[in-house]
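**Q** Dropping a structure here in structure tokens format, bear with me for questions.
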Amino acid sequence: MATKRRGAAALAAAKRGRREARAELCAALGDAALRERAGAAWARGERLQQGTARPGPRGAAPARYGTAWRGSPPLTDSLSLADAVLLEPAPFRHCVIPGFLAGSAFAEALRDELLGLDFRGRRNDLLSLQQSEELGASPEPHIAALRHALCEEFQVWLSAVTQIELEPTIDISCAKYEYTDVLLCHDDELEGRRIAFILYLVPPWEKSDGGTLDLYSTDEHFQPQQITKSLVPSWNTLVFFEVSPVSFHQVSEVLSQKCRLSVSGWFHGPSVARPARHIEAPLARSPHIPYDHEILYEWINQVYLDLDSQAQIQEEFEERSEILLKDFLKKEKYQLLCEALENKEIQWSSRGPANKRLYEAAEEDSLPDTLKKFLQLLRSEALFLLLSNFTGLKLHFLAPSDEDEDAGEGQAADASGHSSPKPEQEETEQPANGNSHQPHQPESTPEAQDGETQSSSGTPVCAGELRRWTHGHYTLVHDSQATEFALDLLFFCGCEDWDPEYGGFTSYIAKGEDEELLTVNPEDNCLALVYRDKETMKFVKYINHRSLARLNKHPNKTGFWDFSFVYYE
Numbered sequence: 001m002a003t004k005r006r007g008a009a010a011l012a013a014a015k016r017g018r019r020e021a022r023a024e025l026c027a028a029l030g031d032a033a034l035r036e037r038a039g040a041a042w043a044r045g046e047r048l049q050q051g052t053a054r055p056g057p058r059g060a061a062p063a064r065y066g067t068a069w070r071g072s073p074p075l076t077d078s079l080s081l082a083d084a085v086l087l088e089p090a091p092f093r094h095c096v097i098p099g100f101l102a103g104s105a106f107a108e109a110l111r112d113e114l115l116g117l118d119f120r121g122r123r124n125d126l127l128s129l130q131q132s133e134e135l136g137a138s139p140e141p142h143i144a145a146l147r148h149a150l151c152e153e154f155q156v157w158l159s160a161v162t163q164i165e166l167e168p169t170i171d172i173s174c175a176k177y178e179y180t181d182v183l184l185c186h187d188d189e190l191e192g193r194r195i196a197f198i199l200y201l202v203p204p205w206e207k208s209d210g211g212t213l214d215l216y217s218t219d220e221h222f223q224p225q226q227i228t229k230s231l232v233p234s235w236n237t238l239v240f241f242e243v244s245p246v247s248f249h250q251v252s253e254v255l256s257q258k259c260r261l262s263v264s265g266w267f268h269g270p271s272v273a274r275p276a277r278h279i280e281a282p283l284a285r286s287p288h289i290p291y292d293h294e295i296l297y298e299w300i301n302q303v304y305l306d307l308d309s310q311a312q313i314q315e316e317f318e319e320r321s322e323i324l325l326k327d328f329l330k331k332e333k334y335q336l337l338c339e340a341l342e343n344k345e346i347q348w349s350s351r352g353p354a355n356k357r358l359y360e361a362a363e364e365d366s367l368p369d370t371l372k373k374f375l376q377l378l379r380s381e382a383l384f385l386l387l388s389n390f391t392g393l394k395l396h397f398l399a400p401s402d403e404d405e406d407a408g409e410g411q412a413a414d415a416s417g418h419s420s421p422k423p424e425q426e427e428t429e430q431p432a433n434g435n436s437h438q439p440h441q442p443e444s445t446p447e448a449q450d451g452e453t454q455s456s457s458g459t460p461v462c463a464g465e466l467r468r469w470t471h472g473h474y475t476l477v478h479d480s481q482a483t484e485f486a487l488d489l490l491f492f493c494g495c496e497d498w499d500p501e502y503g504g505f506t507s508y509i510a511k512g513e514d515e516e517l518l519t520v521n522p523e524d525n526c527l528a529l530v531y532r533d534k535e536t537m538k539f540v541k542y543i544n545h546r547s548l549a550r551l552n553k554h555p556n557k558t559g560f561w562d563f564s565f566v567y568y569e
């Protein structure tokens, strides 16, 4: 009995704590100091009378609202927030409420409770941060009081202001962003999400600290175009925005040692129809170009042209579906390649959109002859045959097929093109790439919808480009990314002293999973070959601020280059 009484007493004490915290929050939410801090934000122009105003068209002046959320009872007109709130229409509907919790004691106690939670690190293509568990049932009194106020008083006010029917429940969690943490461009759209919110509980913060909430404009295809607004986190400030097909935003990388602490989540409501996703033009694929084995002897380390070495490589590749070939090029050729990559005449174009990728690709017409010749090597008939010998894939008609091997008729073709099997008749159907335009990144650009048919029944083809990687660059896994059987080739240059902590590595994951199957780190004069199936996706990890430390050793090295090609049987 004594144990039960003690348990009941503890429960009663916890309830009293929550009631006291809730009362403290209610007082904080209704404090007139909020109006004093934020009222100047719309001191110009007439104020609306009671009632709500719908937002104007995109680009119109911000709408001001007379329906105020006034906290918990007692409600008095003097506590109205109407004079403090400004709903901005561009680039999409959003609002900033400074001094959201007017009582500093409550905000500080809330921060302390949040910092006492258990956080787990989250790392994938899109983000790097620490996140708490869902706070929907958190017993801490100040967290519970905040959740109660958001679900009741604030939800009613928010629904009236935005003219969106909202449910009285929310998703809510806490996030910590520390040095180099980031959340890349996305739109937040999931079934039922209508309003996103973030409450900042940060130390004094400057734009130079990073961690800004960046809002993107969109183009005619509803794709993110450019950052048009950056909101700097501020203590006790709440930001909310409407979730829509154009609500693209990011949390920029944290560049200081400060902790960016926030409570965030979503209000839910009836789902809205979204426009069909824009399908980008596929990256052009082409069959090999007619260069014989002499081009291999000109460029490639003799070790890799030995048939016994090729047989060993193939055995390892068939077991693991990946291999890294070090010192792949002759040293003198690799040195010439690196020197050519420094050429100031090369024109580099940024590749987007930001919800899929951000890096630079070379315009091939601007490349010096050395780089053009290396690209010819990667597209050459001789290399197609060499890759067949490395991998066992049928990338050339001289390469033995699975049927040949099953019948015991196959043997490796040498680099000169000699082989015992009879050449199979080549298919004449070419891949549909006539309407493609400038190259895009292979792993992030959806292929033509019939790409699998092309690669399985047509002539072996390839697609690729020369890319430059530096701080802030990345690629993302995304919904429209096509998957099919393919051989990825990556060749790296300019990677001296590159640390995996910088990012820039290529990760392979199973579709729908975060766990990495394979990581390919940039390494000088190395050729990486990876065979992937329909259930395998890949991305290049965001290159973070730590990468700039490399400038201490290499003042002219801001990043690295890779030649990224994909080969299809």
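Using full-length UniProt numbering, the letters of the sequence shown correspond one by one to residues 1 to 569.
Note that the Cβ used here is the ideal one computed from N, Cα and C, for glycine as well.
To the nearest whole angstrom, what separates the beta carbons of T212 and L231, a pair I think is in contact under 8 Å?
**A** About 6 Å separates the two Cβ atoms, so the contact holds.
**Q** Would the beta-carbon of C174 fall within 8 Å of that of V263?
**A** Against a cut-off of 8 Å, the Cβ pair of V263 and C174 comes out as a contact.
**Q** Measuring alpha carbon to alpha carbon, tell me which residue in L551, I313, C495, G472 is nearest residue 570.
**A** Look at the range of the chain in this structure, 1 to 569, and you will see that residue 570 is not part of it.
**Q** Between the alpha carbons of S252 and G210, how many angstroms are there, rounded?
**A** Near 6 Å, if we compare the C-alpha coordinates of G210 and S252.
**Q** Taking DSSP's pairing of strands, which residues face Y531 in a bridge?
**A** Bridge partners of Y531: L487.
**Q** Of the residues K394, A145, C338, which one's Cα is nearest the Cα of R114?
**A** Sequence inspection shows Leu at residue 114; the Arg mentioned does not correspond to that position. The option with the nearest alpha carbon to L114 is A145.
**Q** Does L283 pass the burial test, meaning 16 or more other C-beta atoms within 10 Å, or should it be called exposed?
**A** By the 10 Å Cβ count, L283 comes out buried.
**Q** Within its chain, find whatever has a CB closer than 6 Å to the CB of L201; leave out the 5 residues flanking it on each side and keep chain order.
**A** So the qualifying residues of the chain are R111, L261.
**Q** Have a look at residue 570 and V246 and give me their C-alpha separation to the nearest angstrom.
**A** With the chain running from 1 to 569 in the structure shown, residue 570 is simply not present.
**Q** Since L129 and D181 should fall inside the 8 Å C-beta cutoff, what is the C-beta to C-beta distance between them, to a whole number of angstroms?
**A** Between D181 and L129 the Cβ distance is about 5 Å, and since that is below 8 Å, they are a contact.
**Q** Please classify V156: does DSSP put it in a helix, a strand, or coil?
**A** Looking at V156 - three-state DSSP - the assignment turns out to be helix.
**Q** Which residues mark the beginning and the end of the beta strand (DSSP E) in which I313 is found?
**A** Where I313 is concerned, there is no enclosing beta strand (DSSP E), although the alpha helix (DSSP H) it sits in stretches over 307 to 320.
**Q** Roughly how many angstroms lie between the CA atoms of E424 and F397, to the nearest whole one?
**A** Unreliable placement is indicated for E424, whose pLDDT of 38 sits below 50; no coordinate value is reported for it.
**Q** What does the alpha-carbon distance come out to for the pair P224 and N355?
**A** C-alpha separation (whole angstroms): 7 Å.
**Q** Let me know the secondary structure DSSP gives V85 once reduced to three states.
**A** Residue state, collapsed to three classes: coil.
**Q** With burial defined as no fewer than 16 other Cβ atoms inside 10 Å of the residue's Cβ, what is the status of S349: buried or exposed?
**A** Exposed: under 16 other Cβ atoms inside 10 Å.
**Q** Quick check: what's the CA-CA separation for H288 versus D118?
**A** Distance between the alpha carbons of H288 and D118: 55 Å.
**Q** Within 8 Å (strictly less), CB to CB, does P233 reach chain D?
**A** Note that chain D does not occur in the displayed structure, where there is just one protein chain.
**Q** Over what stretch of residues does the beta strand (DSSP E) that includes Y200 continue unbroken?
**A** 193 to 200 is the extent of the beta strand (DSSP E) around Y200.
**Q** So L527 and F384 are in contact, right, with Cβ under 8 Å, and what is the actual spacing, rounded?
**A** Not quite, the Cβ-Cβ distance comes to about 14 Å (not below 8 Å), so this is no contact.
**Q** Helix or strand or just coil, what does DSSP make of K258?
**A** Note: K258 maps to coil in three-state DSSP.
**Q** By how many angstroms is the C-alpha of E381 removed from the C-alpha of L387?
**A** Cα to Cα, L387 sits roughly 10 Å from E381.
**Q** If you draw a straight line from the alpha carbon of A549 to that of C185, how long is it in whole angstroms?
**A** Cα to Cα, the separation comes out at about 25 Å.
**Q** How would you label E142, buried or exposed, when you count the other beta carbons within 10 angstroms and need 16 or more for buried?
**A** The sequence shown places His at residue 142, not Glu. Answer is buried; the Cβ neighbour count reaches 16.
**Q** Per DSSP, L325 forms a beta bridge with which residues?
**A** Paired residues: L527.
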